[in-house]
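J.:
In our numbering, the protein residues as written are 376 to 744.
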């Protein structure tokens, strides 16, 4: 086991919260706060006293999450206990017989199997669903195929929508009865897309933004604060610079590649361009989050700390993803946030470089008499 006082280079502790990112981040210690992990293969093998936010290719949870679990990935296997609620999106999601969710659960997946227990209601959007465990409330399913196994015990109602009738084992217990909605098949098509895909994409985007934004707050607290504040102090300069960078960098990359000699530099600019846009958009979201956190802090009379900034960022990410659904206004909002955040980020980076250069001691030359 790793020494809790010396986390690995890819992980950082801030207050009681744990942040880790890399090819295979693994949490194998007790965390008294929240845990944020992102990577190719994510493993949570230690207890977390707060919330757990996990995103990756393969996710394994074998220990206890004392509050809520938010996870998005290619596959997720839950054999630990989630005391609170769970919001999970993945290609394949399995809750093993030893796994459980004490509160409410919402799942978006390609395939989903429950062999453990959900304490309250369970909502599932998936291609195929199999229930072999216990659901303490209503079970609502939208899927192509629904199978209720012999060990299933649903204390509420089963309400489902699928292409064909659910296959329900005669020995399964469904206390509240069975209701099939939507006729013979769910409304799926260009005007009614399958909800699992949409929910999965939204959760993946939200989790990715939260992990990267949380890393910016934790690793670069001063810079992330000042970069966000630059939008307020220089709004028009930030928007103008952001617009120029948005348009000019691809053109500059094309010009470099046209000269043949500049192909490596052009390719480098094209590689960095999406990263630059991501950082700019996150900076715009951080500005909104910091303003919201400051407003709450003034009303309640406390100082804004790292956890408060991350919490505010979570709410802002969810709010903006919902606002994007508003016709025209949502697109305009996203574009303005991107331009302002992009310009302010690089404006603050340039000012920081100038301040650092000015602070370095200058070597005196020889006096010529």
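Glycine is no exception: its CB is placed at the ideal position from the N, C-alpha and C atoms. Since the model is a prediction, treat every value here as computed from it, not as a measurement.
Near residue 679, what residues of its chain come up, given a Cβ to Cβ distance below 7 Å and the 5 sequence neighbours on each side ignored?
T.: Taking the first residue of the chain shown as 1, we reach residue 679 at position 304. Contacts found: 668, 669 and 672.
J.: Determine the DSSP secondary structure at residue 730, reduced to helix, strand or coil.
T.: Indexing the chain shown from 1 puts residue 730 at position 355. DSSP places residue 730 in helix when its eight states are reduced to three.
J.: Flag this pair as yes or no: are the beta carbons of residue 550 and residue 531 separated by less than 8 Å?
T.: Within the chain shown, residue 550 is the residue found at index 175, counting from 1. Within the chain shown, residue 531 is the residue found at index 156, counting from 1. Against a cut-off of 8 Å, the Cβ pair of residue 531 and residue 550 comes out as a contact.
J.: Please classify residue 566: is it buried, with 16 or more other beta-carbons within 10 angstroms of its beta-carbon, or exposed?
T.: In the chain shown, residue 566 corresponds to position 191, counting from 1. Caution is warranted here: a pLDDT of 42 is assigned to residue 566, below 50, making its placement in the model unreliable, and no coordinate value can be reported.
J.: Quick check on the DSSP output: the alpha helix (DSSP H) that includes residue 608 runs from which residue to which?
T.: For the purposes of this step, residue 608 is taken as residue 233 along the chain shown, with counting starting at 1. 596-608 is the span of the alpha helix (DSSP H), which, as asked, contains residue 608.
J.: Compare the beta carbon distance of residue 510 and residue 499 with 8 Å and say whether it is the shorter of the two.
T.: The residue given as residue 510 occupies position 135 in the chain shown. The residue given as residue 499 occupies position 124 in the chain shown. No, these two residues do not count as a Cβ contact at 8 Å.
J.: Just list the residues that DSSP pairs residue 509 with in beta bridges.
T.: For the purposes of this step, residue 509 is taken as the residue at position 134 of the chain shown. Residue 509 is bridged to 492 and 528.
J.: Is the beta carbon of residue 465 closer than 8 Å to that of residue 491?
T.: Taking the first residue of the chain shown as 1, we reach residue 491 at position 116. Taking the first residue of the chain shown as 1, we reach residue 465 at position 90. Cβ distance not < 8 Å, so residue 491 and residue 465 don't count as in contact.
J.: Using only alpha-carbon positions, find the residue among 649, 644 and 527 that is nearest to residue 547.
T.: Along the chain shown, read from residue 1 onward, the residue named residue 547 stands at position 172. Comparing Cα positions, the closest option is 527.
J.: The beta strand (DSSP E) that contains residue 404, what's its start and end?
T.: The sequence position of residue 404 within the chain shown is 29, counting from 1. It is not in any beta strand (DSSP E) - residue 404 carries neither H nor E in the DSSP assignment.
J.: Checking 8 Å against the spacing of the C-beta atoms, do residue 489 and residue 470 come in under that value?
T.: Here the question's residue 489 lines up with position 114 in the chain shown. Here the question's residue 470 lines up with position 95 in the chain shown. Yes, these two residues count as a Cβ contact at 8 Å.
J.: Tell me residue 465's beta-bridge partners as DSSP assigns them.
T.: Stepping through the chain shown from its first residue, residue 465 is reached at position 90. Residue 465 pairs with 448 and 484.
J.: Classify residue 731: buried if its beta carbon has 16 or more other beta carbons within 10 angstroms, exposed otherwise.
T.: Looking up residue 731 in the chain shown gives position 356. Counting Cβ neighbours within 10 Å, residue 731 comes out exposed, since fewer than 16 surround it.
J.: Please classify residue 568: does DSSP put it in a helix, a strand, or coil?
T.: By one-based count along the chain shown, residue 568 stands at place 193. Residue placement at residue 568 cannot be trusted, given a pLDDT of 43 that sits under 50; what the coordinates show is reported in the next sentence. Three-state DSSP puts residue 568 in coil, outside helix and strand.
J.: Grab the span of the beta strand (DSSP E) containing residue 662 for me, first residue to last.
T.: By 1-based counting over the chain shown, the position of residue 662 is 287. Looking at the DSSP string, residue 662 is not in any beta strand (DSSP E); the run it does join, the alpha helix (DSSP H), is 638-675.
J.: Three-state secondary structure (DSSP) at residue 678?
T.: As a working note, residue 678 is residue 303 in the chain shown. Residue 678 falls in the coil class under three-state DSSP.
J.: On the three-pair Cβ rule with 8 Å, is the region 709-719 touching the region 653-660?
T.: Cβ pair count under 8 Å is three or more, so yes.
J.: Quick check on the burial criterion: 16 or more other C-beta atoms within 10 angstroms. Buried or exposed for residue 403?
T.: Within the chain shown, numbered from 1, the residue matching residue 403 stands at position 28. Burial call: exposed.
J.: DSSP on residue 384, reduced to helix/strand/coil?
T.: The count along the chain shown starts at 1 and reaches residue 384 at position 9. Confidence at residue 384 is low in this model, with a pLDDT of 35, below 50, so its placement is unreliable and the value that follows should be read with caution. It is coil, neither helix nor strand.
J.: Is the Cβ-Cβ distance between residue 467 and residue 454 less than 8 Å?
T.: By one-based count along the chain shown, residue 467 stands at place 92. By one-based count along the chain shown, residue 454 stands at place 79. Contact flag unset, no.
J.: In the DSSP assignment, what are the bridge partners of residue 456?
T.: The residue given as residue 456 occupies position 81 in the chain shown. Paired residues: 475.
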